[in-house]
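Residue numbers (the numbering used here): 19 to 302.
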């Protein structure tokens with residue numbers, strides 16, 4: 019076996035030995051059992067690769083810091099959670115907003131949906147609310163969409179029940195870059211109305227208006243304590259709304275294709291982790 023290959027394998031063994039004592043000894047001797055493995059690898063191992071083996075051994079130490087997917091990046095603040103969105107089953111595109119329409123058309127749609135505000139124009143007020151949200155999104159990110167897509171942040175898929183005539187779309191929360199997310203406790207419209215000095219008559223008691231940027235979600239929201247119950251969208255009471263500021267996320271393209279392919283019998287489309295890069299299953 020080529021000496022550089024043997025050195026590489028022995029250094030890997032040393033790294034393993036730090037956490038698994040029985041791994042000590044020469045891995046090269048074990049690989050020799052496979053005949054010409056060393057011959058095929060001869061001449062291909064560089065000093066850089068040997069140094070990399072040393073680094074692997076170092077990171078295998080008990081207590082060594084664990085990086086995100088070996089990249090050293092900070093884990094997504096919403097890893098392990100889900101985003102759920104309910105849309106009409108006859109939608110041409112599940113990822114559009116009435117705010118994409120001209121004012122009069124948007125107002126007509128809002129009227130049909132029963133969206134009204136006392137002594138104010140709904141579309142005008144929503145335009146102001148989304149400008150307010152967007153200003154927060156731009157503080158630590160680059161929102162590419164003029165208007166956000168609205169989701170509920172939930173801990174378990176299925177806490178946002180589907181209804182006749184609608185479809186629930188579920189995607190992993192960490193499939194949307196944190197830089198393209200903002201969040202509010204309760205409806206962002208409620209939050210904005212409070213900030214604007216025109217609180218709604220049905221304002222949730224004790225609500226303190228604020229916008230949390232996606233990159234700060236795991237520290238600004240107490241998702242394991244105070245806000246844990248808010249992650250159950252089927253439970254009466256408060257919830258957390260997520261605003262997605264990108265229409266180009268690959269996960270949305272997968273969900274859109276699933277939606278257009280046909281509505282499942284349970285009226286739920288779940289895009290599972292890895293689906294956006296072709297490695298994970300979809301389906302409910």
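Backbone N, C-alpha and C fix where the C-beta goes; we use that ideal spot for every residue, glycine too.
I want to know whether the stretch 211–218 touches the stretch 270–287 - three or more CB-CB distances under 8 angstroms. no
Tell me which residue opens and which closes the alpha helix (DSSP H) that residue 133 is part of. Numbered from its first residue, the chain shown carries residue 133 at position 115. Per DSSP, residue 133 belongs to no alpha helix (DSSP H) and is neither H nor E.
Cut-off 6 angstroms between Cβ atoms - residues of its own chain near residue 104, not counting five sequence neighbours on either side: The residue you call residue 104 lines up with position 86 of the chain shown. 184 and 186, listed in sequence order.
Using the Cα positions of residue 209 and residue 275, report the straight-line distance between them to the nearest angstrom. For the purposes of this step, residue 209 is taken as the residue at position 191 of the chain shown. For the purposes of this step, residue 275 is taken as the residue at position 257 of the chain shown. Computed Cα separation, rounded: 33 angstroms.
Counting only runs of 3+ residues fully inside the stretch 156–207, write out the beta strand (DSSP E) ranges in chain order. 167–172, 184–190 and 199–203
Rounded to the nearest angstrom, what separates residue 156 and residue 162 at their Cα positions? In the chain shown, the residue the question calls residue 156 occupies position 138. In the chain shown, the residue the question calls residue 162 occupies position 144. Those two C-alpha atoms are separated by around 10 angstroms.
Taking all protein chains shown into account, do 16 or more other C-beta atoms lie within 10 angstroms of the C-beta of residue 121, making it buried, or fewer, making it exposed? The residue given as residue 121 occupies position 103 in the chain shown. Per the 10 Å Cβ criterion, exposed.
Would you report the Cα separation of residue 54 and residue 261, rounded to the nearest angstrom? Within the chain shown, the letter at position 36 stands for residue 54. Within the chain shown, the letter at position 243 stands for residue 261. Bear in mind that the predicted position of residue 54 carries a pLDDT of just 31, short of 50, making it too unreliable to give a figure here.
I need the straight-line Cα distance from residue 287 to residue 211, nearest angstrom please. Residue mapping note: residue 287 aligns to position 269 of the chain shown, counting from 1. Residue mapping note: residue 211 aligns to position 193 of the chain shown, counting from 1. Taking the straight line from one Cα to the other gives about 33 angstroms.
Straight-line gap, residue 221 to residue 107 (C-alpha atoms, nearest Å): As a first step, residue 221 is located in the chain shown; it is residue number 203 there, counting from the start. As a first step, residue 107 is located in the chain shown; it is residue number 89 there, counting from the start. Looking at the two C-alpha atoms, the distance is approximately 30 angstroms.
Whole-angstrom C-beta distance between residue 100 and residue 172, which should lie under 8 angstroms: The residue labelled residue 172 in the question sits at position 154 within the chain shown. The residue labelled residue 100 in the question sits at position 82 within the chain shown. Yes, residue 172 and residue 100 are in contact; Cβ-Cβ is about 5 angstroms, under 8 angstroms.
Could you check which residue in 225, 234 and 179 has the C-alpha nearest to that of residue 201? Numbered from 1 along the chain shown, position 183 holds the residue referred to as residue 201. Looking at the Cα atoms, 234 is the closest of the given residues.
Supposed close pair residue 194, residue 273 - CB separation, criterion 8 angstroms: As a working mapping, residue 194 is identified with position 176 in the chain shown. As a working mapping, residue 273 is identified with position 255 in the chain shown. Contact doesn't hold; Cβ gap of about 11 angstroms is too wide.
In angstroms, rounded to a whole number, what distance separates the CA positions of residue 174 and residue 102? The residue labelled residue 174 in the question sits at position 156 within the chain shown. The residue labelled residue 102 in the question sits at position 84 within the chain shown. Rounded to whole angstroms, residue 174 to residue 102 spans 10 angstroms at the Cα level.
Pairwise C-alpha distance: residue 150 and residue 177: For this step, residue 177 is matched to residue 159 along the chain shown. For this step, residue 150 is matched to residue 132 along the chain shown. Whole-angstrom Cα-Cα distance: 29 angstroms.
Determine whether the beta carbon atoms of residue 205 and residue 96 lie at a separation below 7 angstroms. Locating residue 205 in the chain shown gives position 187, counting from the first residue. Locating residue 96 in the chain shown gives position 78, counting from the first residue. No, the pair does not count as a contact, with Cβ atoms beyond the cut-off.
Take residue 236 and list the residues in its own chain whose beta-carbon comes closer than 7 angstroms to its own, dropping the five residues that flank it on each side. As a first step, residue 236 must be located in the chain shown, where it is residue number 218. If we look at residue 236 and ignore the five residues flanking it on each side, its Cβ neighbours are 95.
How far does the beta strand (DSSP E) with residue 106 in it reach, from first residue to last? Taking the first residue of the chain shown as position 1, residue 106 is located at position 88. That run of the beta strand (DSSP E) goes 100–106.
Coarse secondary structure for residue 229, derived from DSSP in three states: Here residue 229 is taken as the residue at index 211 of the chain shown, counted from 1. Correct three-state label for residue 229: coil.
Using the three-state DSSP reduction, which class does residue 91 fall into: helix, strand or coil? What you label residue 91 is simply residue 73 of the chain shown in a count that begins at 1. Here residue 91 sits in strand by DSSP.
Whole-Å CB distance - residue 203 paired with residue 256, under 8 angstroms assumed: On the chain shown, position 185 is the one that residue 203 refers to. On the chain shown, position 238 is the one that residue 256 refers to. The pair is a contact, with the Cβ atoms about 6 angstroms apart (cut-off 8 angstroms).
Bridge partners for residue 2 per DSSP, in chain order? The chain is shown from 19 up to 302; residue 2 falls before or after that span and cannot be answered.
For residue 260: DSSP bridge partner residues: Position 242 of the chain shown holds residue 260. Per DSSP, 169 and 201.
According to DSSP, is residue 240 part of a helix, a strand, or is it coil? Residue 240 sits at position 222 when you count from the first residue of the chain shown. Coil at residue 240, not helix or strand.
Residue 128: buried (16+ other C-beta within 10 angstroms of its C-beta) or exposed? Within the chain shown, numbered from 1, the residue matching residue 128 stands at position 110. Its Cβ being crowded by 16 or more others within 10 Å, residue 128 is buried.
Backbone secondary structure at residue 218 - three-state DSSP: Residue 218 sits at position 200 when you count from the first residue of the chain shown. Residue 218 falls in the coil class under three-state DSSP.
When the Cα atoms are used, what is the spatial distance from residue 124 to residue 164? As a first step, residue 124 must be located in the chain shown, where it is residue number 106. As a first step, residue 164 must be located in the chain shown, where it is residue number 146. Residue 124 and residue 164: Cα-Cα distance of roughly 15 angstroms.
Residues near residue 170 in its chain [Cβ-Cβ closer than 6 angstroms; skip 5 each side]: Walking along the chain shown from the start, residue 170 turns up at place 152. Cβ within range, chain order: 102, 178, 251 and 257.
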